[in-house]
Amino acid sequence: MITAAGAGLCLSLIGTSFAQERLPVRGGNGLNEDRAGATFLKSGAMIFIAFDRNLDLEITHDEIEAGARLAFRNADQDGNGVLTPIEQRNWAARFAGENDVIANPRLFPAATPNQVTEDEFVQGMLTLSQRFENDEGRIMFETLTLGPGRERGDRENGGADRLLRPNIADRSGANR
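Shown next as structure tokens:
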């Protein structure tokens, strides 16, 4: 059985390693460089990776519920049984970043404004998990990632096409 301290350490190690995979590499000249071939996580995905208790690379509803309850206890800094928006934001910033979907207070349906209970937190996580689930209701790790980045040489015009303004003069198919 995993202790709370062991789970917290596991969550922090997983969060650190995946966060490093998402960050640009710092080149020797001090400039950021593309990380060709890097795999990026979808917004909200990192928390579900941490919920995989048996490490079989698929996450079930039972694992989501158990992981969400542990995450709630970790996020509830004052231990009063409810999360405030500040506690949620602080927890999300420590775990996944301030811009991750789990930092959004609207993710968790609160009966009392600005106070999310543990059950509401679990329900929010189960709702968020639906965007990643397969037909059997499980989350497979490959559904949590975006495809790897392209090599620099694979880009047309050496990547210059990323800097061009889009041509919006032709709007023949817009708003259909």
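Residue numbers (the numbering used here): 2 to 177. Just so it is clear, CB atoms sit at the ideal spot from N, CA and C, and this is done for glycine as well.
Classify residue i as helix, strand or coil using the three-state DSSP reduction.
| i | result |
| --- | --- |
| E143 | helix |
| Q78 | coil |
| T118 | strand |
| T113 | strand |
| F133 | coil |
| L58 | coil |
| F52 | coil |
List the whole-angstrom C-beta distance separating residue i from residue j, where the pair is believed to meet the contact cut-off of C-beta under 8 Å.
| i | j | result |
| --- | --- | --- |
| T118 | F41 | Not quite, the Cβ-Cβ distance comes to about 33 Å (not below 8 Å), so this is no contact. |
| I65 | L108 | That belief does not hold up - the Cβ atoms of I65 and L108 are roughly 14 Å apart, past 8 Å. |
On the CB-based measure, 16 or more other CB atoms within 10 Å of its CB, does residue i come out buried or exposed?
| i | result |
| --- | --- |
| L58 | exposed |
| A69 | buried |
| G45 | buried |
| A97 | buried |
| P25 | Model confidence at P25 stands at a pLDDT of 43, short of 50, so the residue's coordinates are unreliable and nothing is read from them. |
| A76 | buried |
Go through its chain and collect everything with a Cβ distance to residue i's Cβ below 8 Å, but skip five positions before and after it.
| i | result |
| --- | --- |
| P86 | P106 and N115 |
Under 7 Å Cβ to Cβ from residue i, same chain only, skipping five residues before and after it: list those, please.
| i | result |
| --- | --- |
| G125 | L108, F109 and P110 |
| R139 | E59, I60 and T61 |
| S130 | F49, I65 and I140 |
So, for residue i: in the same chain, excluding its five sequence neighbours on each side, which residues have a beta-carbon less than 6 Å away from its beta-carbon?
| i | result |
| --- | --- |
| Q78 | E88 |
| A104 | R90 and A93 |
Look at residue i and residue j and say whether their C-beta atoms are less than 8 Å apart.
| i | j | result |
| --- | --- | --- |
| F73 | F133 | no |
| F142 | I48 | no |
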